[in-house]
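When we follow full-length UniProt numbering, the leftmost residue of the sequence shown carries the number 1, and every step to the right adds one.
In this text, a Cβ means the ideal position worked out from N, Cα and C, and glycines have one as well.
Since the structure is predicted, the reported quantities are computational estimates derived from the model, not experimental observations.
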Amino acid sequence: MLEKYLGAQRARKFQRFLNHCKVTILCLFLTIVVLRGTIGAGKFGTPEQDFVDIRNRFSSRKLSEPHRILGEIHSTTSSSSRSDSSTTSTTNYNDFDINTILVDEEEEEEQGDEFEKRSSNEPYSLGPKISNWDEQRSKWIRENPNFSNFIRPGKPRVLLVTGSSPKPCENPVGDHYLLKSIKNKIDYCRLHGIEVFYNMALFDAEMAGFWAKLPLIRKLLLAHPEVEFLWWMDSDAMFTDMAFEVPWERYKDSNLVMHGWNEMVYDEKNWIGLNTGSFLLRNCQWSLDILDAWAPMGPKGKVRDEAGKILTRELKGRPVFEADDQSAMVYLLAKEKEKWGDKVYLENGYYLHGYWGILVDRYEEMIENYHPGFGDHRWPLVTHFVGCKPCGKFGDYPVERCLKQMDRAFNFANLHPVTYQSDPKTTTRERIISLQQLFLISCKLLNCKGNISKQKGASSPQRIEHKYTPRTSSPQLKEQKLTGHQALNLKSKSSQGHQALNVNEYAWTQQLMQRQPTTSTTSTTTYNFNDIDNNLQL
């Protein structure tokens with residue numbers, strides 16, 4: 001056909017050209033296939049990817065997407081478990097690496113790089129500047145009378161705030177002690193009508209470590225206008241005097257209450273002149289302002305390192321390390337006393353914060369010499385295990401000593417079974433009595449001889465022995481008030497001079513007094529503290 005129009009010679013040339021084109025196209029196609037198989041499709045995608053994109057556009061497919069992903073994960077896990085069945089087990093928690101599901105490490109590293117790029121001339125801010133918080137809060141309280149900032153006259157609404165890392169502890173025992181710590185705090189708050197907020201979120205990765213509390217505190221102040229005082233407490237601090245009621249009237253003119261000494265902060269500029277592990281902060285504009293002034297030294301990286309050098313140079317006794325919130329507060333108060341000092345109360349009449357190193361070995365002495373009120377002889381309200389770092393890999397003190405003393409502090413506070421009475425005038429101290437008192441007072445009321453004995457090498461009483469001699473008649477008992485743990489020193493009196501405790505508030509003692517034994521035998525009973533349930537309820 002082509003020869004008729006083009007001629008024989010031209011037709012052969014044209015046919016040869018078409019054959020060359022076919023071969024060229026075939027070679028080009030094979031080249032593309034080989035390249036896609038070796039180096040990938042790059043940004044151009046693949047037909048399979050195109051098909052997946054089209055399929056995902058349908059809502060019906062989107063609804064089943066989570067199930068598909070879970071199925072893929074399950075199949076992947078099953079195949080990997082079959083291949084590794086000889087070494088690990090998918091049902092064994094000890095063999096599971098928790099880091100496989102914690103995927104935020106890379107994100108935090110990227111954020112850390114961005115923090116380094118931030119200009120050092122740009123001060124850190126906790127959030128947008130607020131200048132009329134007192135007016136906003138007062139208006140909110142007026143509009144919501146059911147959420148008063150005072151529970152009753154002289155008793156403010158308090159929110160205790162504590163928390164820990166969102167990730168598991170770096171050692172197996174750390175989470176166990178965190179659980180003990182929050183249980184201890186909940187017990188105290190339940191007794192004193194305080195609300196609890198436990199935080200496990202990092203609101204600002206730039207303010208990690210010592211400084212993580214500042215963004216959290218600011219957000220809670222703004223989110224809870226009904227709260228009058230926010231009580232921050234570190235996770236490694238425990239309440240060790242469940243009966244103590246904070247003297248709120250003393251702080252009616254103060255906005256920030258911390259354990260410390262005026263002369264050490266304002267005169268000596270000592271970096272341990274106060275402690276920020278346990279402090280009270282009023283919900284007001286002043287508090288937002290001091291948080292804004294406190295925060296600029298906190299951003300991790302170059303800013304925190306340089307601020308640490310300044311704090312080491314300016315504060316007495318401070319070692320060289322990055323800026324911490326406690327040193328920054330001492331520096332801020334000492335430098336701007338006129339601006340902040342009038343509203344800061346440095347409390348040293350009781351242990352709003354108590355350093356564990358000087359307290360834990362004196363628990364028995366405190367029990368013996370306890371007296372109500374304030375002073376060094378009363379029980380510490382808070383025992384703070386600074387430097388133990390039970391949730392970390394390494395601490396500043398021997399692990400055995402830290403864990404042993406944390407157990408002692410927990411048990412010391414936990415020796416306070418509580419009986420709730422219907423009489424609203426009953427004080428907290430009258431509603432709390434130690435487990436040791438229960439046994440010895442029982443001995444007292446039943447005319448027996450009580451004795452506390454310790455096993456060799458034990459740091460606390462291990463058992464109580466009493467010899468019971470029944471009475472044939474019920475003598476007229478006189479009332480005698482015992483304060484604190486004076487009941488530990490009770491000795492049995494003769495039948496002519498029977499004395500009793502103030503039993504008006506204790507139904508269980510009234511029942512004991514009314515018991516009339518009918519036999520005349522004498523028996524000896526030994527109670528082992530190790531066999532007693534800590535959760536004993538009266």
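Three-state secondary structure assigned by DSSP to Thr31:
Helix.
Rounded separation between Trp140 and Ser148 - CA only
Taken atom to atom, the span from the alpha-carbon of Trp140 to that of Ser148 is near 10 Å.
Within its chain, find whatever has a CB closer than 7 Å to the CB of Lys185; leave out the 5 residues flanking it on each side and keep chain order.
Within the same chain, and ignoring the five residues on either side of Lys185 in sequence, the residues whose Cβ sits closer than 7 Å to its Cβ are Leu160, Thr162, Val196, Met233, Phe239.
Per DSSP, Val158 is paired with what?
The partner list for Val158 (beta bridge, DSSP) reads Phe229.
Indicate the three-state DSSP secondary structure (helix, strand or coil) for Tyr198 in the structure shown.
In the three-state DSSP reduction, Tyr198 falls in the strand class (E or B).
In whole angstroms, give me the CA-to-CA distance for Asn171 and His384.
Rounded to whole angstroms, Asn171 to His384 spans 20 Å at the Cα level.
Sequence-distant residues of the same chain with beta carbon closer than 6 Å to Cys169, five excluded per side:
If you ignore the 5 residues before and after Cys169, its C-beta comes within less than 6 Å of the C-beta of Asp175, Cys391, all in its own chain and listed in chain order.
Please name the residue in Met297, Arg282, Phe29 whose C-alpha comes closest to that of Met207.
Minimum Cα distance to Met207 is reached at Met297.
Buried or exposed (CB count within 10 angstroms, at least 16 for buried), Gln405:
Burial call: buried.
For Trp231 versus Val158, is the C-beta spacing smaller than 7 Å?
Yes, they are a contact pair.
Cβ contact check for the region 247-259 and the region 312-321: 3 or more pairs under 8 Å
Segments in contact, no.
Taking a contact to mean a Cβ-Cβ separation below 7 Å, would you say Leu346 touches Asn275 in this structure?
No, these two residues do not count as a Cβ contact at 7 Å.
Could you tell me whether the region 285-292 touches the region 203-219, using the rule of 3 or more Cβ pairs below 8 Å?
Segments in contact, yes.
Give the C-beta separation of Ser138 and Ser235 to the nearest angstrom, bearing in mind that I take them to be a contact with Cβ-Cβ under 8 Å.
No, Ser138 and Ser235 are not in contact; Cβ-Cβ is about 33 Å, not under 8 Å.
For His485, is the classification buried or exposed, using 16 other Cβ atoms within 10 angstroms of its Cβ as the cut-off for buried?
At His485, the pLDDT of 37 sits below 50, so the modelled position is not reliable and the matter cannot be decided from this model.
Measure how close the beta-carbons of Leu332 and Ala293 come, nearest whole angstrom, since I'm counting them as under 8 Å.
Sure, about 6 Å apart at Cβ, within 8 Å.
Would you kindly report the start and end of the unbroken alpha helix (DSSP H) that includes Leu352?
Looking at the DSSP string, Leu352 is not in any alpha helix (DSSP H), and its letter there is neither H nor E.
Pull the bridge partners of Ser125 from the DSSP assignment, please.
When DSSP reads this structure, Ser125 sits in no beta bridge, so it has no partner.
Residues of its chain near Cys189, where Cβ-Cβ distance is below 8 Å and the 5 sequence neighbours each way are ignored
Leaving aside the five residues that flank Cys189 on each side, the residues in its chain whose CB is nearer than 8 Å to its CB run, in chain order, Leu160, Glu195, Val196.
So what does Glu330 bridge to, in DSSP terms?
Sequence inspection shows Val at residue 330; the Glu mentioned does not correspond to that position. Note: Val330 sits in no beta bridge, so no partner.
Ile256 versus Glu122 - alpha carbon distance
Looking at the sequence shown, residue 256 is not Ile but Leu. So the two alpha carbons sit approximately 28 Å from each other.
Can you tell me which residues form a DSSP beta bridge with Tyr177?
Note: Tyr177 sits in no beta bridge, so no partner.
Could you tell me the distance, in whole angstroms, from the CA atom of Glu364 to the CA atom of Trp379?
Between Glu364 and Trp379, the alpha-carbon positions lie close to 10 Å from each other.
Does chain D have any CB closer than 7 Å to the CB of Thr276?
Judged by its chain identifiers, the structure shown contains no chain D, having just a single protein chain.
Taking just the CA atoms, how far does Leu214 sit from Pro166?
Rounded to the nearest angstrom, the gap between the Cα atoms of Pro166 and Leu214 is 17 Å.
Using the Cα positions of Phe203 and Thr38, report the straight-line distance between them to the nearest angstrom.
Phe203 and Thr38 have their C-alpha atoms spaced approximately 45 Å apart.
Can you tell me the Cβ-Cβ gap for Tyr355 and Val382, rounded? I've got them flagged as a contact below 8 Å.
At roughly 10 Å, the Cβ-Cβ gap does not stay under 8 Å, so Tyr355 and Val382 are not in contact.
Best match in Phe279, Leu281, Gly260 for proximity to Gly273 [C-alpha to C-alpha]:
Of Phe279, Leu281, Gly260, the smallest CA-CA separation from Gly273 is found for Gly260.
Taking DSSP as the reference, what is the three-state secondary structure of Val303?
Helix, per DSSP.
Rounded C-alpha distance that separates Arg304 from Ala295
Near 10 Å, if we compare the C-alpha coordinates of Ala295 and Arg304.
For Ile151, which three-state DSSP category applies?
The three-state secondary structure of Ile151, taken from DSSP, is strand.
If you scan the region 236-270 from start to end, which runs of the beta strand (DSSP E) of 3 or more residues do you find wholly inside it?
Considered as a whole, the region 236-270 harbours 237-239, 256-260 as its complete beta strand (DSSP E) runs of no fewer than 3 residues, in chain order.
Assigned exposure category for Val34 - 16 Cβ within 10 Å defines buried:
Taking all protein chains shown into account, Val34 has fewer than 16 neighbouring C-beta atoms within 10 Å of its C-beta and is therefore exposed.
Using 10 angstroms around the beta-carbon of Asp267, count the other beta-carbons present and answer buried if the total reaches 16, otherwise exposed.
Under this definition Asp267 is an exposed residue.
Check whether the Cβ atoms of Phe244 and Pro156 sit closer than 7 Å, and answer yes or no.
Phe244 is not a Cβ neighbour of Pro156, given a cutoff of 7 Å.
Taking just the CA atoms, how far does Gly349 sit from Val265?
Rounded to the nearest angstrom, the two C-alpha atoms are 16 Å apart.
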